[in-house]
Amino acid sequence: MRTVAEINHKIRRQRAVVWTVEELKQKVQDIGVTQAFKEVDVICTGTFEPMESSGAMINLGH
Numbered sequence: 112m113r114t115v116a117e118i119n120h121k122i123r124r125q126r127a128v129v130w131t132v133e134e135l136k137q138k139v140q141d142i143g144v145t146q147a148f149k150e151v152d153v154i155c156t157g158t159f160e161p162m163e164s165s166g167a168m169i170n171l172g173h
């Protein structure tokens, strides 16, 4: 298992292995969870949908 410090060091040296979630899912199917864990350093997750950042405030005057 790698520590956060080790991963940060690899990032600073631009040697970190970075996958998206979609890449991770494919790798897990191809090589299994254990091997994927050994190969990847960072997994990028994120979504963007207009409704995720919208909201409404309603004051009914009670």
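In our numbering, the protein residues as written are 112 to 173.
Think of the CB as a built atom: it goes at the ideal place given N, C-alpha and C, for glycine as much as any other residue.
Query raised in the report: How should A116 be labelled, buried or exposed, when 16 other C-beta atoms within 10 angstroms of its C-beta is the threshold for buried?
Result: A116 counts as exposed, since fewer than 16 other beta carbons sit within 10 angstroms of its beta carbon.
Report task. Quickly, what does DSSP pair T131 with across the bridge? List them, please. Result -> C155, per the DSSP bridge assignment.
Requested in this report: Could you round the C-beta distance between A65 and L135 to whole angstroms and report it? I think they count as a contact, below 8 Å.
Outcome: The question about residue 65 has no answer here: the residues shown for the chain are numbered 112 through 173.
Requested in this report: Leaving aside the five residues before and after I118 along the sequence, list all residues of the same chain whose C-beta is less than 6 Å from its C-beta, in chain order.
Outcome: Beyond the five residues adjoining it in sequence on each side, I118 comes within less than 6 Å, by CB distance, of D152 in the same chain, given in chain order.
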